[in-house]
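For the record, the sequence lines run as chains F and X.
The first sequence begins at 53 in the numbering used here and counts up one residue at a time.
The second sequence begins at 5 in the numbering used here and counts up one residue at a time.
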Amino acid sequence: MTNHWIDLKNSDVILCMGGNPAANHPLSMKWIMRAKEQRGAKLVVVDPRYTQTAAKADIYAALRSGTDIAFLGGMIKYIYDNNLYFREYVVTYTNASFLVNPDFKMPGQLEGVFSGYDAKTRKYDKKTWTFQMDEKGVPKKDLTLKDPNCVFQLMRKHYNRYTVEKVSTITGTPKENLLEVYKAIGSTGKPDKVATVCYAMGWTQHTVGVQNVRAFSMIQLMLGNVGMAGGGVNALRGESNVQGSTDAGLLFHIIPGYIPVPTASLADLATYIDKMTPKTKEPRSVNWWGNRPKYLVSHLKAIYGDAANKENDFAYAWMPKLDEGMNCSWLNMFDEMYKGRFEGFFAWGQNPACSGANSTKTRTALSKLKWMVNVNLYDNETGSFWKGPGMKPADIQTEVFLLPCCSSVEKEGSISNSGRLVQWRYKAIEPVGQSLADMEILNEIYFRVKKLYQKEGGKFPAPVVNLTWNYGEKDKDGKIKHVNPHLVAREINGYYLADVYDKTQTPPKLIGKKGELCVNFVSLQADGTTSCGNWIYSGSYTQKDGKIINMMARRGKEDPTGLGLYANWAWTWPVNRRIVYNRASVNPQGQPWDPKRALIKWNPTKLNPATNKPGVWEGDVPDGPAPPLADEKAGKLPFIMKSDGVGSLFGPGLADGPFPEHYEPLECPLEENPMQAKHRINPTIKLFYGKEGSLEEDVFKSCDTRFPYVCSTYRVTEHWQTGVMTRHKSWLLETQPQMFVELSKELAKEKGIGNGEKVTVSSARGSLWAVAVVTDRYKPFKVMNTTIHQVGIPWHFGWHYPADGSGGESANLLTPTIGDPNVMIPESKAFMVNIEKARG
Amino acid sequence: MARMGLLVSPELCIGCRACQVACKSWNQLPGEMTKNRGGYENPGDLTPSLYNRIRFVEVPSDKDPIRWLFVNQRCMHCEEAGCMKICPSPGALYRTPEGAVATNKDKCIGCKLCLAACPFNVPRYNEKGKCSKCDLCVDRISNKMAPACAKTCPTGAIAYGDRAEMIAKAQKAGYQKVYGQADLGGLGALYAFKDGPKVYGYDEKPQISDMLVFWHNVLKPLSYIGIGGVAAAAVLHYVAVGPHKVKEDDDHE
Chain F
53 MTNHWIDLKN SDVILCMGGN PAANHPLSMK WIMRAKEQRG AKLVVVDPRY
103 TQTAAKADIY AALRSGTDIA FLGGMIKYIY DNNLYFREYV VTYTNASFLV
153 NPDFKMPGQL EGVFSGYDAK TRKYDKKTWT FQMDEKGVPK KDLTLKDPNC
203 VFQLMRKHYN RYTVEKVSTI TGTPKENLLE VYKAIGSTGK PDKVATVCYA
253 MGWTQHTVGV QNVRAFSMIQ LMLGNVGMAG GGVNALRGES NVQGSTDAGL
303 LFHIIPGYIP VPTASLADLA TYIDKMTPKT KEPRSVNWWG NRPKYLVSHL
353 KAIYGDAANK ENDFAYAWMP KLDEGMNCSW LNMFDEMYKG RFEGFFAWGQ
403 NPACSGANST KTRTALSKLK WMVNVNLYDN ETGSFWKGPG MKPADIQTEV
453 FLLPCCSSVE KEGSISNSGR LVQWRYKAIE PVGQSLADME ILNEIYFRVK
503 KLYQKEGGKF PAPVVNLTWN YGEKDKDGKI KHVNPHLVAR EINGYYLADV
553 YDKTQTPPKL IGKKGELCVN FVSLQADGTT SCGNWIYSGS YTQKDGKIIN
603 MMARRGKEDP TGLGLYANWA WTWPVNRRIV YNRASVNPQG QPWDPKRALI
653 KWNPTKLNPA TNKPGVWEGD VPDGPAPPLA DEKAGKLPFI MKSDGVGSLF
703 GPGLADGPFP EHYEPLECPL EENPMQAKHR INPTIKLFYG KEGSLEEDVF
753 KSCDTRFPYV CSTYRVTEHW QTGVMTRHKS WLLETQPQMF VELSKELAKE
803 KGIGNGEKVT VSSARGSLWA VAVVTDRYKP FKVMNTTIHQ VGIPWHFGWH
853 YPADGSGGES ANLLTPTIGD PNVMIPESKA FMVNIEKARG
Chain X
5 MARMGLLVSP ELCIGCRACQ VACKSWNQLP GEMTKNRGGY ENPGDLTPSL
55 YNRIRFVEVP SDKDPIRWLF VNQRCMHCEE AGCMKICPSP GALYRTPEGA
105 VATNKDKCIG CKLCLAACPF NVPRYNEKGK CSKCDLCVDR ISNKMAPACA
155 KTCPTGAIAY GDRAEMIAKA QKAGYQKVYG QADLGGLGAL YAFKDGPKVY
205 GYDEKPQISD MLVFWHNVLK PLSYIGIGGV AAAAVLHYVA VGPHKVKEDD
255 DHE
């Protein structure tokens, strides 16, 4: 989230698209309903299905799953056609005025692709996706937005193809519904009107997932809604601490704090810093990522301590490196596992046998392992995969270990929510039975693995045996008896390893004393004098006047702005900033676009204690202390994480194009992409099937009469992910006991299916039984003059529990092995199935 | 003390059913085996282990594919409580100082008359035949805490407080008529209905039967002094409930 949960109450128009917050994020509705009640906000819901959120909507529009870019492309066109965009914001705070390389071409000109496409590698050469630079190396601009090569005009040219008529035939949304939604969102291009968006996996689990999010980010930039209270682009994270896990570098391509994992060609630290540190010639850009070297070195100091020093490149050589172009995301990992390239696997707090796309393949892949460690609250479909449906236990050699871990209420620590709020929690009860906290399990494993390395050597012991592990009192063998979560949190925050001075001042001013906790990431250094496990969390556990303060444990309820920032409640990364890019909520003079929603405000007369000069920001923690943009000497642009300092309407960083373009899902009901005939699907996705040596498990069938219905997976309130934690709770199972499939009355009639009857749902990859929920909440779509039916299934069930099999099986038996080209998230929200009355 | 009450606002309810689960959690009621009956609503009715539930009601809409209502079903804690009037065992059903109609299972004789007398079809009977229903979390409200359902509701669709304030709150939100404001002497669970009560599955004018009034005024005092009470109860049981029948299993396939 750029904003936070409570901030939803400050919005005028709330779009829920690609998410169903009433069912899956019930607490968000507290604030959405408050916005409706107290400020007459409009709730707009766009979803293939009439959901619990739709039931609360002022405007509802249905769209065929997988057509969000068409829907939003039409919205972009509507906004500029009707002159609804926030012109001053667009000109000043986005790259709309930047002049693009004249050789850059778009799908309208090149039969569905951007310039630089190589069909053989399914990749783009992005050399034309660039800006024209002036002699100083700064992008050339046309502030009138009239130059045919400026971003704004190119965007218009691109989206002029997305007429309402065209969009309607693709999405199946009636034209009047489209216009109703467009009008509502478009009404917020005024300085005193703000729209927000709540999205979740309904936008991301597509082969155009990243571009779905980008399309609406562009709209929010056009309307001047990013950085505003009640605005922004808000991902509703699907698990309570999934924000924390990505912050902490759970994914393969980043280390903590969103720092890219080095690749093999970046042989030493100097090369990494040179190649991986964003640079800018724009004098008004803060270019915060220019600080990356400080964060990387401080991270290495945190994990290797004294063993990381100037002489050994701060142990950079010990960091794992990716081969060039190597992608270790989920689908690829299980593909490799299937091919026998893994010996062992830790399934830690997850249930791949049900959660991963194409479960049959995933389950078979597990059988190729020599060993697997399943760390979970309960045994599950993963730990017991070898005795699951279709398995021959005698043929499976995988040795499975179950390590029972305790639940979140049985341990102390921090949790990070979608709004980047990091809150300290306490242990409510002792762990049940033999279960241990994850960190205790890790501590036991680490101690043993380290001992083995010390005893037996091994191929590359240094990265393991040199890890710092100062998390508590040691026993006689040198093992930490119990991990103290406070010491972990302090390591994440970071320490001064020497007396650190600000050398820009004369005489140099002391920032922090050796051994003290860092105040925040601004004080981190690239010379090894600071440590910090995760720079964005620096400031969460700090020290003031010698007193150590756990900022995450704060419980202050003050709200001086009335905007619900609650700056003294817990702590938010970065630096307790509650809304990021908040410098975009003010005009170049530093005054709020909307005084009624004043998030930050420049007070030019008040004395700034830091500089001892007049001029200080009031309100939320601003995106940097620099004076407002209009200050000729020191003014800064608002988008501090972008090297240009502005929001990107033109986004050359993605794999599949600088502007989102509609492509059909891998499996879809249409033979051709209605936008153009040549490229039905995203031309840059990695195809697992259809080439030599591809696995039959990865089969897909598009526009195949055997699988005529569009299907989405989703969640219900009562269950959590694959249901391991909730199926075992009889109170929850009572409310949602069984696998079901929702379908329209029209389709049910066609297939002779009655409400509550058992049916079989099948795809090219598998089949399962489900109870038919026949409802008016799904309606057939009119797409390209044909009728298209959509159905939907939850993915919470699995064969392992309830033990009598009464719950049903995982929806992922049906989903395809295909991912987004940028992040490889699987396309679980649009694939093709058949549905039949169950036999017998 | 002032009479306390619940204000249920279906317009605010999102059907998350946190109230159903919180009730089970606080009252330590067991989960029951159910089946999907072709919808989200489950269990299909109140049970001795389910004191409140959300009904998912689909009604036609001229604008949207459907209008989907989420309606909390529960004991209404009537001022003129049919169950209390008919109950032949003193103290088995009693009024708390907050105005809730609570049960004392030790005193319940399992006659099941209260179900017949309830205009909202609420009381259920546990495996020992004892009346089992929502008591507004008597152990919470007597300690000035909101009932579990209201405490957990994320949107304020179930609010708890001074009953007069609840009525004022509904009126302020634009509901001129609050369901239960005057019915049956005033209900303890008030409903802010946007449309007529029928749309939500409630009687326009909930009433208790004349027979019950007769029982309350004439026969019950007799039973207290031990004359013909049991016989009267048996007669009334037959009249009001009918002969004992085996209840059809809802979940029968």
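The C-beta atom is built at its ideal place from N, Cα and C for all residues, glycine as well.
All figures in this text were calculated on a predicted structure; none of them were measured in a lab.
At least one CB of chain X closer than 7 angstroms to the CB of residue 850(F): is that the case?
False, the Cβ-Cβ gap to chain X never drops below 7 angstroms.
Can you give me the C-alpha to C-alpha distance between residue 255(X) and residue 889(F), rounded to a whole angstrom?
Bear in mind that a pLDDT of 43 at residue 255(X), under 50, signals an unreliable position, so the model cannot answer this.
Between residue 251(F) and chain X, is there a C-beta pair that is closer than 7 angstroms?
Cβ-Cβ to chain X under 7 angstroms: no for residue 251(F).
Can you tell me where the beta strand (DSSP E) with residue 883(F) in it begins and where it stops?
Residues 883-889.
Cutting at 6 angstroms between CB atoms, please list the residues of its own chain near residue 113(F), excluding the five before and the five after it.
So the qualifying residues of the chain are 98, 225, 229, 233.
When you compare the region 866-881 of chain F with the region 41-52 of chain X, are there three or more beta-carbon pairs, one atom per stretch, that lie closer than 8 angstroms?
In short, these stretches do not touch, since the Cβ pair count stays below three.
Could you please tell me which residues of the region 144-166 of chain X, in chain order, have their CB closer than 8 angstroms to any CB of chain F?
Listed by position along the chain: 158, 159, 160.
Taking just the CA atoms, how far does residue 194(X) sit from residue 206(X)?
Rounded to whole angstroms, residue 206(X) to residue 194(X) spans 12 angstroms at the Cα level.
Contact criterion: CB-CB distance below 7 angstroms. Does residue 173(X) meet it with respect to chain F?
For residue 173(X), the answer is no, since every Cβ of chain F falls outside 7 angstroms of its Cβ.
Based on Cα-Cα distance, which residue from 101(X), 112(X), 80(X), 83(X) lies nearest to residue 95(X)?
When each option's Cα is compared against that of residue 95(X), the closest is 112(X).
When you compare each of 68(X), 149(X), 132(X) to residue 140(X) by their alpha carbons, which one comes out closest?
Ranking the options by Cα distance to residue 140(X), first place goes to 149(X).
Taking Cβ-Cβ distances shorter than 9 angstroms, what residues in chain X pair up with residue 821(F)?
Those within 9 angstroms of residue 821(F) in chain X number zero; the least Cβ separation is about 11 angstroms.
Who does residue 193(X) pair with in a DSSP beta bridge?
Beta-bridge pairing links residue 193(X) to 10(X).
Could you confirm whether any beta carbon from chain X is found closer than 7 angstroms to the beta carbon of residue 829(F)?
Yes, residue 829(F) counts as interfacial toward chain X.
I'd like to know whether the C-beta of residue 783(F) is nearer than 7 angstroms to at least one C-beta of chain X.
Yes, because at least one Cβ of chain X sits closer than 7 angstroms to the Cβ of residue 783(F).
Please list the partners that residue 46(X) has in chain F, where partner means a Cβ-to-Cβ separation under 8 angstroms.
The answer, in chain order, is 786, 787, 788, 789.
So, for residue 640(F): in the same chain, excluding its five sequence neighbours on each side, which residues have a beta-carbon less than 7 angstroms away from its beta-carbon?
So the list reads 144, 680, 681, 682, once near-sequence residues are dropped.
Please name the residues in the region 797-817 of chain F whose beta-carbon is closer than 7 angstroms to at least one beta-carbon of chain X, in chain order.
Those residues of the region 797-817 of chain F that come within reach of chain X (Cβ to Cβ, closer than 7 angstroms) are 807, 808.
Can you grab the Cα-Cα spacing for the pair residue 572(F) / residue 630(F), in whole Å?
C-alpha separation (whole angstroms): 16 angstroms.
Between residue 56(F) and residue 471(F), how many whole angstroms is the CB-CB distance? I'm expecting something under 8 angstroms.
Residue 56(F) to residue 471(F), Cβ: 3 angstroms. Contact.
I need the boundaries of the beta strand (DSSP E) containing residue 553(F), first residue and last residue.
That run of the beta strand (DSSP E) goes 552-554.
For a contact meaning CB atoms closer than 7 angstroms, what does residue 770(F) contact in chain X?
Result: 21.
Considering just the uninterrupted stretch of the beta strand (DSSP E) at residue 190(F), what are its terminal residues?
Element bounds for residue 190(F): n/a, residue is neither H nor E.
List the residues of chain F that residue 41(X) touches, going by C-beta distances under 7 angstroms, in chain order.
The contacting residues are 808.
Could you spell out where the beta strand (DSSP E) holding residue 112(F) opens and where it closes?
Note, residue 112(F): beta strand (DSSP E), 111-113.
Applying the 10 Å Cβ sphere with the 16-neighbour rule, what's the burial state of residue 461(F)?
Counting Cβ neighbours within 10 Å, residue 461(F) comes out exposed, since fewer than 16 surround it.
How would you write the range of the beta strand (DSSP E) that residue 62(X) sits in, first residue to last?
It spans 57-63 - the beta strand (DSSP E) in which residue 62(X) sits, taken as one unbroken run.
When we look at the beta-carbon of residue 13(X) and count the other beta-carbons within 10 Å, is it buried (16 or more) or exposed?
Buried: at least 16 other Cβ atoms inside 10 Å.
Cβ closer than 7 angstroms: which chain X residues qualify as neighbours of residue 792(F)?
Under the 7 angstroms cutoff, chain X gives 40.
Residue 154(F): buried (16+ other C-beta within 10 angstroms of its C-beta) or exposed?
Exposed, since its Cβ has fewer than 16 Cβ neighbours within 10 Å.
Under three-state DSSP, which class holds residue 424(F)?
Of the three classes helix, strand and coil, the one that applies to residue 424(F) here is strand, per DSSP.
Relative to chain X, which residues along the region 223-250 of chain F have a C-beta separation below 7 angstroms, given in chain order?
If the cut-off is 7 angstroms between Cβ atoms, the region 223-250 of chain F has nothing near chain X.
With a cut-off of 8 angstroms, do at least 3 Cβ pairs link the region 845-862 of chain F to the region 788-798 of chain F?
Flag = yes, the region 845-862 of chain F and the region 788-798 of chain F touch.
Just how far apart, CA to CA, sit residue 248(X) and residue 133(X)?
Unreliable placement is indicated for residue 248(X), whose pLDDT of 48 sits below 50; no coordinate value is reported for it.
Output yes if chain F places a C-beta closer than 7 angstroms to the C-beta of residue 35(X); else output no.
Answer yes: the Cβ-Cβ gap between residue 35(X) and chain F drops below 7 angstroms somewhere.
Return helix, strand or coil for residue 89(X), following the three-state DSSP convention.
Helix, per DSSP.
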